[in-house]
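Please read the structure below before turning to the comments.
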Amino acid sequence: MRALVFDSFSGPLEVREVPAPEPRPGGVIVQVAASGICRSDWHAWQGHDPDVVLPHVPGHELAGTVAALGEGVRRWAVGDRVTTPFVNACGSCPQCAAGDQQVCVRQTQPGFTHWGSLAELVALDAADVNLVAVPEELDLATAAALGCRYATAFRAVVHVARVRAGEWVAVHGCGGVGLSAVQIAAAAGARVIAVDVAPGALELARALGAEHTLDGAPDVPAAISELTGGGAHVSLDALGAAQTCENSINSLRPRGRHVQVGLLPPQQGRPEVPMERVIGRELQVLGSHGMPAHAYPEMLGLIAAGRLDPRPLITRRLALDDAGAALADVGRQPGIAVVTSF
Ligand SMILES: NC(=O)c1ccc[n+]([C@@H]2O[C@H](COP(=O)([O-])OP(=O)(O)OC[C@H]3O[C@@H](n4cnc5c(N)ncnc54)[C@H](O)[C@@H]3O)[C@@H](O)[C@H]2O)c1
Ligand SMILES: [Zn+2]
Ligand SMILES: [Zn+2]
169 MRALVFDSFS
179 GPLEVREVPA
189 PEPRPGGVIV
199 QVAASGICRS
209 DWHAWQGHDP
219 DVVLPHVPGH
229 ELAGTVAALG
239 EGVRRWAVGD
249 RVTTPFVNAC
259 GSCPQCAAGD
269 QQVCVRQTQP
279 GFTHWGSLAE
289 LVALDAADVN
299 LVAVPEELDL
309 ATAAALGCRY
319 ATAFRAVVHV
329 ARVRAGEWVA
339 VHGCGGVGLS
349 AVQIAAAAGA
359 RVIAVDVAPG
369 ALELARALGA
379 EHTLDGAPDV
389 PAAISELTGG
399 GAHVSLDALG
409 AAQTCENSIN
419 SLRPRGRHVQ
429 VGLLPPQQGR
439 PEVPMERVIG
449 RELQVLGSHG
459 MPAHAYPEML
469 GLIAAGRLDP
479 RPLITRRLAL
489 DDAGAALADV
499 GRQPGIAVVT
509 SF
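Put into structure tokens, the structure is as follows:
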């Protein structure tokens with residue numbers, strides 16, 4: 169099969185023929201129809217993820233059709249249109265038993281623990297636990313975004329931050345995750361402030377429902393405090409940088425909730441979390457990681473009802489041959505880039 173491969177961290181990204189994967193027991197092979205390019209793929213390429221073994225095929229934000237079944241798969245058939253949370257949970261550890269598949273201790277992740285979806289075929293584990301049927305009315309390029317960033321933002325806003333109508337929500341970094349969070353928070357009735365350094369990202373954020381945009385002004389927390397009369401109720405670091413994490417926590421009013429979604433690999437420097445402020449203001453500092461498959465029906469229902477619409481987030485459809493350049497450049501152009509021809 170054709171795949172995007174790297175042989176060294178930060179080294180060349182090239183498309184070449186590699187051996188096709190075989191389904192593992194309980195798993196499937198999916199013929200990839202669409203694979204988004206997420207900043208987490210960039211982190212994998214940079215060597216920030218200890219799970220990645222070289223040579224490596226990145227890609228974890230996908231949709232496609234089931235091409236082969238491993239032993240024991242009951243719920244799926246060849247030809248089914250599917251997506252999957254990038255966390256492929258085991259289905260049987262204590263976290264899975266509690267419904268918290270997004271933090272399964274025996275999880276695998278395509279594009280990290282094994283070869284990913286920037287390829288014609290990808291192996292997915294524990295298919296009966298993890299696969300999600302893509303409704304007929306949703307095209308597979310849009311459905312790919314549900315495999316990582318749109319679903320991650322949904323869980324962060326709705327299930328972790330529990331955003332309520334009328335609350336102020338600040339989103340720091342408006343790429344794939346951040347723009348999704350802007351739309352989902354606005355749909356929940358929140359008043360959204362979008363922060364980014366790229367004018368194109370802020371323009372899209374406004375179109376997706378942000379009431380205010382800030383271009384990373386010298387003092388972001390002060391600007392947010394002024395706009396909101398004392399700070400945001402909820403603030404998300406949707407980039408993953410010491411500066412955006414610190415800005416997010418410092419943007420909160422007393423009893424506010426910070427949600428960390430952007431990855432903060434230690435190689436990039438640790439943020440300074442102002443714990444005195446966390447105590448004095450009773451702030452909540454929360455992490456959010458993907459979203460389990462069983463939580464998808466609520467999100468898909470809102471999409472079917474027209475309350476949420478991930479389609480405008482997809483701004484570029486690419487060929488696999490262009491995926492390497494797009495991965496190296498992730499975040500430089502507004503919206504989500506999806507590879508749709510392999
Ligand atoms: N927690 C999870 O489950 C999960 C899931 C998906 C992605 N992620 C992580 O979320 C982060 C975002 O991913 P993405 O694909 O949306 O990223 P992206 O590259 O699409 O977007 C990043 C955005 O941040 C903006 N930015 C850069 N510097 C900034 C600054 N100083 N202040 C404000 N904005 C700034 C860029 O202009 C860009 O719009 C990454 O760290 C990714 O690895 C985490
Ligand atoms: Zn991702
Ligand atoms: Zn598990």
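If you read the sequence shown in this note's numbering, its first letter stands for residue 169, the second for the next number, and so on. Here a beta-carbon is modelled for each residue, glycine too, at the ideal position from N, C-alpha and C. The structure displayed is predicted, hence computed values, not measured ones.
Item checked: CB contact flag (V234, A287, <8 Å) -> no
Next item on the list: Would you kindly check if the distance between the Cβ of L420 and the Cβ of S403 is under 8 Å?
Entry: yes
Next item on the list: Compare the Cα-Cα distances from D209 to each of L451, E466 and S178 and report the closest residue.
Entry: S178
Check: Are at least three pairs of beta-carbons, each pair with one atom in the segment 184–195 and one in the segment 235–243, less than 8 Å apart?
Finding: yes
Checklist line | Euclidean distance between Cα positions of Q263 and G215 | finding: 28 Å
Check: Start and end of the alpha helix (DSSP H) containing P465?
Finding: Y464 to A472
Next item on the list: Check whether the Cβ of R317 lies closer than 7 Å to any heavy atom of ligand 2, and answer yes or no.
Entry: yes
Next item on the list: Answer yes if the segment 288–308 comes into contact with the segment 326–340, meaning at least three C-beta pairs across the two stretches below 8 Å, and no otherwise.
Entry: no
Checklist line | Same chain, Cβ closer than 6 Å to A311, five either side skipped, listed in chain order | finding: A231, T251 and V302
Margin query: Can you tell me whether A373 is buried or exposed? The criterion is at least 16 other CB atoms within 10 Å of its CB, across all chains shown.
Written below: buried
Margin query: Whether or not the segment 381–401 and the segment 357–371 are in contact is what I'm after, with contact meaning three or more pairs of Cβ atoms, one per stretch, closer than 8 Å; do they touch?
Written below: yes
Margin query: Considering only their Cβ atoms, is the gap separating F280 from D219 smaller than 8 Å?
Written below: yes
Notebook entry, point to check: Taking the Cβ atom as the reference point for each residue, do P187 and P460 lie within a distance shorter than 8 Å?
Noted result: no
Next item on the list: Under 8 Å by Cβ, that's how I've got L222 and S285 pegged, so tell me the actual separation to the nearest angstrom.
Entry: Not really, about 18 Å apart at Cβ, beyond 8 Å.
Note to self: What ranges does the alpha helix (DSSP H) occupy inside the segment 300–375, keeping only unbroken runs of at least 4 residues that lie completely in it?
What the structure shows: 308–313, 317–322, 344–355 and 367–375
Notebook entry, point to check: Hey, out of A353, I205, A201 and M443, whose CA is closest to V290's CA?
Noted result: A201
Check: Can you list, in chain order, the residues of its chain whose CB lies under 8 Å from that of G377, leaving out five sequence neighbours each side?
Finding: V350, Q351, A353, A354, A355 and V360
Note to self: Closest to R151 by C-alpha separation, out of R317, A171 and G195, would be which residue?
What the structure shows: It is not possible to answer for residue 151, since the shown part of the chain is limited to 169 through 510.
Item checked: C-beta contact flag for L431 and G341 at 8 Å -> no
Notebook entry, point to check: With 16 other CB atoms within 10 Å as the buried threshold, where does R243 fall?
Noted result: exposed
Checklist line | Q263 Cβ short of 7 Å to ligand 3 heavy atom set | finding: yes
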